[in-house]
Amino acid sequence: MDYPLEERRSRKLKELEEQEEYLERSVSELETNYSGLKDIDLTFKLINTKFLIAIELLESIEVTKNSSITDRLTEKAREKSMQAVGMLEELTGEKVSEDQRFLLTESSGYQEAKELFNTLLLRGGGIFFDNKVKNKRNAGLIADAVIGSIRKYLYPDDRYKPLFKTEDLPEFIKNFVKNLFYILAPEHQTGPPDGIEEGEETLYSSDKLKMPLSQAIYYYENEVLPELEKQLRENPGDREIQNNIEMVKQKVEEYKSMKFIPRSTPIVMPKDFYTEGLTGYTADGELLVTVPFPVIFRSGTNLQRLQELVLDDIARKLAGRGVCPELDREYYYLKGLESGRRGSSRTPGFKLNTVKGFRMLKNRYPFLKQLEDRESFKKLLTLVRKSSKKTAQKMLEKAIIQGTDYPERDKIE
Numbered sequence: 056m057d058y059p060l061e062e063r064r065s066r067k068l069k070e071l072e073e074q075e076e077y078l079e080r081s082v083s084e085l086e087t088n089y090s091g092l093k094d095i096d097l098t099f100k101l102i103n104t105k106f107l108i109a110i111e112l113l114e115s116i117e118v119t120k121n122s123s124i125t126d127r128l129t130e131k132a133r134e135k136s137m138q139a140v141g142m143l144e145e146l147t148g149e150k151v152s153e154d155q156r157f158l159l160t161e162s163s164g165y166q167e168a169k170e171l172f173n174t175l176l177l178r179g180g181g182i183f184f185d186n187k188v189k190n191k192r193n194a195g196l197i198a199d200a201v202i203g204s205i206r207k208y209l210y211p212d213d214r215y216k217p218l219f220k221t222e223d224l225p226e227f228i229k230n231f232v233k234n235l236f237y238i239l240a241p242e243h244q245t246g247p248p249d250g251i252e253e254g255e256e257t258l259y260s261s262d263k264l265k266m267p268l269s270q271a272i273y274y275y276e277n278e279v280l281p282e283l284e285k286q287l288r289e290n291p292g293d294r295e296i297q298n299n300i301e302m303v304k305q306k307v308e309e310y311k312s313m314k315f316i317p318r319s320t321p322i323v324m325p326k327d328f329y330t331e332g333l334t335g336y337t338a339d340g341e342l343l344v345t346v347p348f349p350v351i352f353r354s355g356t357n358l359q360r361l362q363e364l365v366l367d368d369i370a371r372k373l374a375g376r377g378v379c380p381e382l383d384r385e386y387y388y389l390k391g392l393e394s395g396r397r398g399s400s401r402t403p404g405f406k407l408n409t410v411k412g413f414r415m416l417k418n419r420y421p422f423l424k425q426l427e428d429r430e431s432f433k434k435l436l437t438l439v440r441k442s443s444k445k446t447a448q449k450m451l452e453k454a455i456i457q458g459t460d461y462p463e464r465d466k467i468e
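If you read the sequence shown in our numbering, its first letter stands for residue 56, the second for the next number, and so on.
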């Protein structure tokens, strides 16, 4: 049966929205049940569905004459576009083992997402990525958070230098210092840790990986066991494969029988890496276990580390401030009792997924994407180093409102 064009569009849009709702529920359940685990194929399906909804809405806008309906459809299309782009950037920016990164960029889902994004731009969707922030209050809060976070982490507190070298002092002074301050001022003190500068990044490898208990069970049941069972079907009676299957099943049963008491929020140090390494638990309080899973990863650099600290701090500073509704909802959810061990009524900011939080912010304020670009970030560091807090904040707020690049230091006066 043929339907009129308008009705066909309406039916197609409804089907896409129902599919989006189902996929969102599936992705959310997987992340909740398995401590943030992502299914690449499922996530790409959700991203591409959001792109399709935005494209369908743009086509509806072209034939709609009612201005109020047009405004509503435009805002909805913008929301879906920004959600899709944000999820795509988050997925491709995940810390994946270097030898497996091609699985993302060469997957059919990623290629389809690129094609749909180009289609969206050709249909006029570029207007959804406008850098300007029209709300002056929000621009001021964002500028304050950005400058405050950079000033907080700009000067490393671990690069101390000894006031003097004891071994270079005159003999009688050296003896005096050694007798009174032999602990505080020993001879041949080591210099400050310099970290890893740009261009010195290296690759590391490991035969094992720590992962949350729930993810380890999922990995063994859905990745390892099916592969071993497939090998056994191809080689019936192979004793080694049978032994491996039995060992994996025993490991799964052992993990399933393990009970642990989720730890309370510890002294929160920058980045979850430290608390995980010290306590053996994730930030959500789930037990970490070691799994024989080979990985290759980059060392990172001082600049990347600084970027991570700043972006995390910005998300925490702006949560609950009325700047981003999506971020506020997540913040108040973590503050409420319904969040369980994932949240904290006392310190919800420490429980916040800051990577996800910053993605929410940059989806609403595309201007913030410049913070993820190394050259733009270095330019902003120079501005903060050479300016007072008030001057830097004023210049950044102006740039945010106008949607321009970060201001150069020599253009401030």
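For each residue, glycine too, the CB sits at the ideal point set by N, CA and C.
Would you kindly report the start and end of the unbroken alpha helix (DSSP H) that includes residue i?
i, result
"Leu407", "Run containing Leu407: none; DSSP gives neither H nor E here."
"Tyr165", "Ser163 to Leu177"
"Phe432", "Arg429 to Lys441"
"Tyr208", "Lys191 to Tyr208"
"Ser115", "Ile95 to Glu117"
"Ser312", "Arg294 to Ser312"
"Thr160", "Phe157 to Thr160"
"Asn277", "Careful: Asn277 lies outside any alpha helix (DSSP H) and carries neither H nor E."
"Thr446", "Lys444 to Gln457"
"Glu226", "Glu226 to Leu235"
Just the Cα atoms here: how many angstroms apart are residue i and residue j?
i, j, result
"Ser163", "Gln155", "15 Å"
"Glu75", "Ile95", "16 Å"
"Glu242", "Ile228", "13 Å"
"Tyr387", "Gly404", "10 Å"
"Val201", "Leu361", "13 Å"
"Arg419", "Lys285", "46 Å"
"Tyr210", "Lys131", "42 Å"
"Thr147", "Val140", "11 Å"
"Pro421", "Lys100", "23 Å"
"Gly398", "Glu149", "23 Å"
"Thr221", "Glu145", "50 Å"
"Asn234", "Asp223", "16 Å"
"Glu452", "Tyr208", "20 Å"
"Tyr273", "Glu308", "12 Å"
"Val378", "Asp368", "15 Å"
"Phe352", "Leu71", "38 Å"
"Glu73", "Leu342", "36 Å"
"Ala271", "Gly391", "29 Å"
"Val279", "Phe348", "10 Å"
"Glu256", "Arg414", "26 Å"
"Asn357", "Glu253", "7 Å"
"Ser443", "Arg133", "37 Å"
"Lys120", "Lys424", "34 Å"
"Asn173", "Gly179", "10 Å"
"Phe520", "Ala109", "Residue 520 is absent from the structure shown; the chain starts at 56 and stops at 468."
Report buried or exposed for residue i, applying the criterion of at least 16 other Cβ atoms within 10 angstroms of its Cβ.
i, result
"Glu111", "buried"
"Met450", "buried"
"Asp126", "exposed"
"Phe231", "exposed"
"Lys406", "buried"
"Met302", "exposed"
"Gln470", "Look at the range of the chain in this structure, 56 to 468, and you will see that residue 470 is not part of it."
"Val82", "buried"
"Thr104", "buried"
"Leu128", "buried"
"Ser90", "buried"
"Gln305", "exposed"
"Leu435", "buried"
"Asn193", "buried"
"Leu158", "exposed"
"Gly181", "exposed"
Going by C-alpha to C-alpha distance, which of the options sits closest to residue i?
i, options, result
"Thr345", "Lys265, Glu295, Val279 and Glu393", "Lys265"
"Lys417", "Tyr89, Leu143 and Glu86", "Leu143"
"Leu382", "Ala370, Leu392, Ser115 and Gly391", "Ala370"
"Thr337", "Asn121, Ile197 and Leu268", "Leu268"
"Leu47", "Ser431, Leu358 and Ser204", "With the chain represented from 56 up to 468, any question about residue 47 goes unanswered, as that position is not in the structure."
"Gly375", "Ser65, Asn190 and Leu196", "Leu196"
"Ser65", "Ile102, Leu113 and Leu438", "Leu113"
"Leu426", "Thr174, Glu363 and Glu295", "Glu363"
"Met137", "Asn277, Lys67, Glu153 and Leu176", "Leu176"
"Lys135", "Leu68, Ser261, Lys189 and Glu393", "Leu68"
"Ala454", "Asn190, Glu276, Phe236 and Glu252", "Asn190"
"Asp428", "Asn173, Phe106 and Gln359", "Gln359"
"Ser152", "Ser260, Glu84 and Lys444", "Ser260"
"Glu79", "Thr98, Asn88 and Leu92", "Thr98"
"Lys34", "Gly335, Asn299, Phe432 and Phe106", "Since the first residue shown for the chain is 56 and the last is 468, residue 34 is missing from the structure and cannot be characterised."
How far does the beta strand (DSSP E) with residue i in it reach, from first residue to last?
i, result
"Pro267", "Leu264 to Pro267"
"Thr125", "Where Thr125 is concerned, there is no enclosing beta strand (DSSP E), although the alpha helix (DSSP H) it sits in stretches over Ser122 to Thr147."
"Ser261", "Leu258 to Ser261"
When you measure from the CB of residue i to every non-hydrogen atom of the ligand MG, does any distance come out below 8 Å?
i, result
"Ser122", "Only the bare structure without any ligand can be found here, which leaves the ligand MG out of the picture."
*Segments of 4+ residues assigned as alpha helix (DSSP H) that fall wholly inside the region 342–384*: 357–373
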